[in-house]
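Take a look at the structure below.
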Amino acid sequence: MSYPKLLTIQDISCVGQCSLTVALPVLSACGVETCVLPSAVLSTHTAGFSGYTFRDLTEDMPAICRHWQKEGIRFDGIYTGYLGSAKQIDYVAEIIAACGKEGCLTVIDPAMADNGKLYPGFDGAFVEAMKGLCAKADYVIPNMTEACFLTDTEYKTEYDRAYVEEIIRKLLALGSKNVIFTGISYEKGKTGVVVYESGEYAYYEHDMLPNSCHGTGDIYASAFAGALIRGKSAYDAAKIAADYTVACIQATAEEENHWYGAKFEPVLGKLIEMLK
Ligand code: PXL
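Going left to right, the sequence shown walks through residues 979 to 1254 as the numbering used here numbers them.
Below, the structure written as structure tokens:
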């Protein structure tokens, strides 16, 4: 698609380089017209800051959706990230049904957990609602923790291909058509992404960097969604997103004061190059 119109639904964390403050510039760099629906407004993200404010925008969503319907506004793609409440997830499903064009590409990042734990404020009801949203996904992009919550699987830090493929089968059983499984590491010092599409598994492996940063899941999902809707194959989009995320982490290395996010902006040029 040469100039697609994408809607992304996720929060505005005013400070912290995640969600919409990442998705908008990354999708713009991908050459995609990007419309936004903020799920909540927080003073900062919730990973490492304390005392943050949280304005839930759940009850704004039905009126926004009605207005778009009245104006005949429809999207070629809808990509969701961090959502504000279980009830909101039901509204998001309604927006996909009401405002997605015929064949609308749906990319669901079930941004709710990492390192074996749910993010603050999320609970079992939220996970159950997210399972329902993943059922509507053309592509679901979980990390290992999210995939385990979505499939009621025991979370492990060491595993083999059989464990990963079993989780993917369970994600498909939820209803998701394809799976982009991030942060899969079979070997020390290496990590990668498993791409399951149309019955085929592929794995793109790269070096695991010694430093890690918050917000890389959002960088990854945004670059993946942008590359995919610009017409790249799922594997190529997954690889471009991985290479770009690695470049962002490298750009942030040796910066102790920059623990809250990744410096994705100085390497946006690399993403643009990769998309050519
Ligand atoms: O990066 C995921 C994310 C998005 N939005 C908010 C978060 C987090 C991760 O902690 O707290 C508000």
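We put the CB at the ideal spot given by N, CA and C, even for glycine.
> Would the beta-carbon of residue 1196 fall within 8 Å of that of residue 997?
Replying inline: As a working note, residue 1196 is residue 218 in the sequence shown. As a working note, residue 997 is residue 19 in the sequence shown. Closer than 8 Å, so yes.
Q. Are residue 1017 and residue 1031 touching if we call contact CB-CB under 8 Å?
A. As a working note, residue 1017 is residue 39 in the sequence shown. As a working note, residue 1031 is residue 53 in the sequence shown. Against a cut-off of 8 Å, the Cβ pair of residue 1031 and residue 1017 comes out as no contact.
Quick one: does the C-beta of residue 1097 sit closer than 7 Å to a heavy atom of the ligand PXL?
-> Taking the sequence shown and counting its residues from 1, the one referred to as residue 1097 is at position 119. It does: the Cβ of residue 1097 is within 7 Å (strictly closer) of some heavy atom of the ligand PXL.
| message | Based on DSSP bridge pairs, tell me the residues matched to residue 1257. | response | Not covered by the structure: residue 1257. The range shown for the chain is 979 to 1254.
* Is it the case that the CB of residue 1060 approaches a heavy atom of the ligand PXL more closely than 7 Å? -> Residue mapping note: residue 1060 aligns to position 82 of the sequence shown, counting from 1. At least one heavy atom of the ligand PXL is nearer than 7 Å to the Cβ of residue 1060, so yes.
Backbone CA spacing between residue 1143 and residue 1093 [nearest angstrom] = Indexing the sequence shown from 1 puts residue 1143 at position 165. Indexing the sequence shown from 1 puts residue 1093 at position 115. When only Cα atoms are considered, residue 1143 and residue 1093 end up about 20 Å apart.
Minimum C-alpha distance to residue 1247 - residue among 1221, 1189, 1234 and 1051: Within the sequence shown, the letter at position 269 stands for residue 1247. For residue 1247, the nearest C-alpha among the options comes from 1221.
Worksheet entry | For residue 956, the three-state DSSP class (helix, strand or coil) | Any question about residue 956 goes unanswered here, given that the chain covers just 979 to 1254.
request  = For my contact list, residue 1239 and residue 1192 are in at a C-beta cut-off of 8 Å; report their separation, rounded to the angstrom.
outcome  = Against the sequence shown, residue 1239 aligns to sequence position 261. Against the sequence shown, residue 1192 aligns to sequence position 214. For residue 1239 against residue 1192, the beta-carbon gap comes to about 6 Å, under 8 Å, which counts as contact.
When you measure from the CB of residue 1002 to every non-hydrogen atom of the ligand PXL, does any distance come out below 7 Å? On the sequence shown, residue 1002 is found 24 positions in, with the first residue counted as 1. Incorrect: residue 1002 has no Cβ contact closer than 7 Å to the ligand PXL.
**Request:** Please check the pair residue 988 and residue 1058, which I expect to be a contact at CB under 8 Å, by giving their CB distance rounded to whole angstroms.
**Result:** Start at 1 with the first residue of the sequence shown, and residue 988 comes out as number 10. Start at 1 with the first residue of the sequence shown, and residue 1058 comes out as number 80. So it is a contact: roughly 7 Å between Cβ atoms.
task: Out of 1047, 1163, 1251 and 1209, point me to the one whose CA is closest to residue 982's CA.
output: Against the sequence shown, residue 982 aligns to sequence position 4. Of the listed residues, the one whose Cα sits closest to residue 982 is 1209.
### Query
Where does the unbroken beta strand (DSSP E) through residue 1143 begin, and where does it stop?
Here the question's residue 1143 lines up with position 165 in the sequence shown. That residue, residue 1143, is in no beta strand (DSSP E); its alpha helix (DSSP H) goes 1139 to 1152.
Checklist entry - Are residue 985 and residue 1056 close, meaning C-beta to C-beta below 8 Å? => result In the sequence shown, residue 985 corresponds to position 7, counting from 1. In the sequence shown, residue 1056 corresponds to position 78, counting from 1. Yes; because the gap between Cβ atoms is below 8 Å, this pair is in contact.
Going by other Cβ atoms of all chains shown within 10 Å of its Cβ, with 16 needed for buried, is residue 991 buried or exposed?
-> Against the sequence shown, residue 991 aligns to sequence position 13. Label assigned to residue 991: buried.
Quiz item: Smallest Cα separation from residue 1202: which of 1131, 1103, 1084 and 1038?
Solution: Start at 1 with the first residue of the sequence shown, and residue 1202 comes out as number 224. Residue nearest to residue 1202 within the set 1131, 1103, 1084 and 1038 is 1084 (criterion: CA-CA distance).
- prompt: Helix, strand or coil: how does DSSP classify residue 1006 here?
  reply: Along the sequence shown, read from residue 1 onward, the residue named residue 1006 stands at position 28. When DSSP states are grouped into helix, strand and coil, residue 1006 belongs to the helix group.
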